[in-house]
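Structure record follows, encoded as structure tokens.
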Amino acid sequence: MSTPQGRRTVRADSVRVDAAHTPEGALQATQHHTPQYVHQPRYLDHPNGAVGLHSVLLVVPDGEVDAHEERYARMLDADVWIDGPGACCRSGTAAWRSSRLPRSASCCPGTPLRPCPSWPPTPSP
83 MSTPQGRRTV RADSVRVDAA HTPEGALQAT QHHTPQYVHQ PRYLDHPNGA VGLHSVLLVV
143 PDGEVDAHEE RYARMLDADV WIDGPGACCR SGTAAWRSSR LPRSASCCPG TPLRPCPSWP
203 PTPSP
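Take the sequence shown: its letter number 45 is residue 127 in the numbering used here, and every next letter is one higher.
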């Protein structure tokens, strides 16, 4: 990694969840042992002012909501609670929100949404 002091080696441990357990997308957790190289001030600003990721929204068909909620609660070792049009689960800094497909429009007005799994993403009109 390039730093103001020259090139440095980033050290980290990563765990990837088997894709069979997360058909909606890749899931991994990383622990940085040298965060000072990854979280350099020059990489921390975003043109839109974003400073972090609040949560991930999973748009889920009605018949699959409970299974998604149970699976993520188990993976994150956290409880699920109802919040607005969907459910939430938070563990440390990891969080997800699920929303039943018909209710999702209120979460993201003007955004075309498809239920999980939906890769590649729906192109914008």
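Each residue gets a CB set at the ideal place from its N, CA and C atoms; glycine is no exception.
Top-ranked residue by Cα proximity to residue i, from the options
{"i": "VAL208", "options": "HIS115, GLN110, ARG90", "result": "As displayed, the chain neither begins before 83 nor continues past 207, which places residue 208 out of reach and without an answer."}
{"i": "ARG89", "options": "GLY107, GLU106, ALA132, THR116", "result": "THR116"}
{"i": "HIS150", "options": "PRO86, GLY107, HIS121", "result": "GLY107"}
{"i": "HIS114", "options": "GLY145, MET157, VAL92", "result": "VAL92"}
{"i": "ARG172", "options": "HIS103, SER137, ASP144", "result": "SER137"}
{"i": "HIS121", "options": "PRO129, ASN130, GLY134", "result": "GLY134"}
{"i": "ALA101", "options": "THR85, SER84, MET157", "result": "MET157"}
Counterpart residues of residue i in DSSP-defined beta bridges
{"i": "GLY88", "result": "THR85"}
{"i": "ASP159", "result": "In the DSSP output, where bridge partners are listed per residue, ASP159 has none listed."}
{"i": "ARG93", "result": "Note: ARG93 sits in no beta bridge, so no partner."}
Terminal residues of the alpha helix (DSSP H) in which residue i lies
{"i": "GLN118", "result": "117-120"}
Residue burial classification, residue i (beta-carbon count within 10 angstroms, cutoff 16)
{"i": "TYR37", "result": "This structure leaves residue 37 out entirely; the chain is present only between 83 and 207."}
{"i": "TYR125", "result": "exposed"}
{"i": "VAL142", "result": "buried"}
{"i": "THR104", "result": "buried"}
{"i": "GLN87", "result": "exposed"}
Sub-8 Å separation of residue i and residue j beta-carbons
{"i": "THR112", "j": "ALA132", "result": "no"}
Delimiting residues of the beta strand (DSSP E) encompassing residue i
{"i": "ALA132", "result": "ALA132 -> no beta strand (DSSP E), and no H or E assigned at all."}
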